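Novice:
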Amino acid sequence: MTPASTEALDLVFAALADPTRRAILARLAAGEATVNELVAPSDLSQPPVSKHLRVLERAGLVSRGRDAQFRPVRLEAAPLAGAAQWLGDYRRFWAESLDRLDTYVKELKRKEGRRVSKRKQR
Amino acid sequence: MSANASSGEAIADREVVITRTYDVPARLLFEAWSKPEHLMKWFGPVGWPLTLCEVDFRKGGRFRFAMTGPSGEQNQPFGGEYLEIVPNRKIVFDNAFEAPGSEKMIMTITFDEKGGKTLLTYHTLFASAVMKREYVGMGFAEGAGSGLDQLAAVVAAMKTV
């Protein structure tokens, strides 16, 4: 899992900052749905729901099927996982530590390489 | 492996697994995990360096760490015991904050080297599902608002990512 970019996270959190959109995502977690199916349980008419879907789509949280007539909406989990990773302190702790470890061991490897090539030169 | 035999909770509800591949041999990563002079260079998030790092790196030996945040105040020390050490392959230790009633987690770090690259698996087993939620979900409770609880459950159900 690669850390999400800041811009991508901004879009995800903006998209999540609305109860209707969260309800839509929770509904989609149970399986894909058409716009009509999403409109039914909400108190909204279709245009606002479509508007919410566009926000979710821009954040990469949902995708639309190709079927021109129904275009079922599907939940896309990857950006959510990125957001959860950012939110979950424990995972964030390790993500940052392990980035630092990566940089550090590469440096160790480089130093080791230098020592080896010096020895070879002698 | 059982951190808390009385807890009948499924392992999956108590564990967190993080994997990473590094472009270095396993022995360098093992080294970075086993000595204070290395640990102090990388352990902890950005802005939270280790300012206490005592390590008795042998089976049954103990470690004691503490980090200092941007406020300049040292945080609660934490530490535990090395339960198993297999050079360049595996390190197992338990870990808890030095506070009364603080629950333990068990961390198993495995080093899997292939063609000069090493896959590290960081497996954490929390004492209970509640403890896991406290650690993994802390950010949710702090700033994100209760509406995200539902989504946390959604994400948890999507382990495939």
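Residue numbers (our numbering), protein chains in the order written: chain A, 1 to 122; chain B, 1001 to 1161.
From the three backbone atoms N, C-alpha and C, an ideal C-beta is built for every residue, glycine too.
These numbers come from a predicted model, not from an experiment.
1) Report the CB separation of F1097 of chain B from Q1076 of chain B in whole angstroms; it is logged as a contact under 8 Å.
2) State the DSSP-derived secondary structure class of Q69 of chain A, mapped to helix, strand or coil.
3) Which two residues bound the contiguous beta strand (DSSP E) that contains K1117 of chain B?
4) Within 10 Å of its beta-carbon, does I1011 of chain B have 16 or more other beta-carbons around it, so buried, or fewer, so exposed?
5) Given a threshold of 16 other Cβ atoms within 10 Å of its Cβ, counted over all protein chains shown, does A30 of chain A qualify as buried or as exposed?
6) Please identify the residue among B:I1018, B:R1014, B:G1008, B:E1009 whose C-alpha is closest to the C-alpha of D99 of chain A.
7) Would you say S117 of chain A lies against chain B (beta-carbon separation less than 7 Å)?
8) Starting from I1106 of chain B, follow the beta strand (DSSP E) in both directions and report where the run begins and ends.
9) Going along the chain, which residues of its own chain have a beta-carbon closer than 7 Å to the beta-carbon of G1139 of chain B, five neighbours each way excluded?
10) Taking all protein chains shown into account, do 16 or more other C-beta atoms lie within 10 angstroms of the C-beta of A14 of chain A, making it buried, or fewer, making it exposed?
11) Checking contacts by CB at 7 Å: is S63 of chain A closer than that to chain B?
12) Which residue marks the beginning of the alpha helix (DSSP H) containing L53 of chain A, and which one marks its end?
13) Mind reading off the beta-carbon distance from P1049 of chain B to T1068 of chain B? Whole number of angstroms is fine, and I expect it under 8 Å.
14) At 4 residues or longer, and completely inside the stretch 1036 to 1081 of chain B: list those alpha helix (DSSP H) runs for me, N to C.
15) Select from the stretch 1062 to 1082 of chain B all residues with a C-beta closer than 9 Å to any C-beta belonging to chain A, and list them in chain order.
16) Quick one, which residues of the stretch 27 to 40 of chain A are near chain B if we go by CB-CB under 7 Å, in chain order?
17) Straight-line CA distance for A59 of chain A to K118 of chain A?
18) Under a Cβ-count criterion, where at least 16 other Cβ atoms within 10 Å of its own Cβ denotes burial, should S1102 of chain B be classed as buried or exposed?
19) Is DSSP giving E1015 of chain B helix, strand or coil here?
20) Quick check on N1088 of chain B: does DSSP put it in helix, strand or coil?
21) Please report the straight-line C-alpha distance between D10 of chain A and R1133 of chain B, rounded to a whole angstrom.
22) Are the stretch 1123 to 1131 of chain B and the stretch 1104 to 1111 of chain B touching by the rule of at least three beta carbon pairs closer than 8 Å?
23) Three-state secondary structure (DSSP) at T34 of chain A?
24) Could you please give the first and the last residue of the uninterrupted beta strand (DSSP E) stretch that includes V62 of chain A?
25) Between the Cα of W1033 of chain B and those of B:G1072, B:K1090, B:E1113, B:D1112, spot the shortest distance and give me the residue it belongs to.
Specialist: This is what the structure holds:
1) Right, the Cβ-Cβ distance comes to about 5 Å (below 8 Å), so this counts as a contact.
2) It is coil, neither helix nor strand.
3) Per DSSP, K1117 of chain B is one residue of the beta strand (DSSP E) stretching across 1117 to 1126.
4) Counting Cβ neighbours within 10 Å, I1011 of chain B comes out exposed, since fewer than 16 surround it.
5) It counts as exposed.
6) For D99 of chain A, the closest C-alpha among the options B:I1018, B:R1014, B:G1008, B:E1009 is that of B:I1018.
7) Chain B places no beta carbon closer than 7 Å to that of S117 of chain A, leaving this residue out of the contacts.
8) For I1106 of chain B, the uninterrupted beta strand (DSSP E) run begins and ends at 1105 to 1114, by DSSP.
9) Residue confidence is low: G1139 of chain B scores 38 on pLDDT, short of 50, so the model does not pin down where it sits. No coordinate-derived value is stated.
10) Result: exposed.
11) With 7 Å as the cut-off, S63 of chain A does not count as an interface residue toward chain B.
12) For L53 of chain A, the enclosing alpha helix (DSSP H) begins and ends at 46 to 58.
13) Yes, P1049 of chain B and T1068 of chain B are in contact; Cβ-Cβ is about 6 Å, under 8 Å.
14) DSSP runs (the alpha helix (DSSP H)) wholly in the stretch 1036 to 1081 of chain B: 1036 to 1042.
15) Interface annotation for the stretch 1062 to 1082 of chain B against chain A: empty, criterion Cβ-Cβ distance under 9 Å.
16) Residues passing the 7 Å Cβ filter: A29.
17) So the two alpha carbons sit approximately 51 Å from each other.
18) With fewer than 16 Cβ atoms within 10 Å of its Cβ, S1102 of chain B is classed as exposed.
19) Three-state DSSP puts E1015 of chain B in a strand.
20) Under the three-state reduction of DSSP, N1088 of chain B is assigned to coil, being neither helix nor strand.
21) Distance between the alpha carbons of D10 of chain A and R1133 of chain B: 24 Å.
22) The stretch 1123 to 1131 of chain B is in contact with the stretch 1104 to 1111 of chain B.
23) Three-state result, T34 of chain A: coil.
24) Going by DSSP, V62 of chain A is part of the beta strand (DSSP E) stretching over 62 to 64.
25) Selected option, being the one with the closest Cα: B:K1090.
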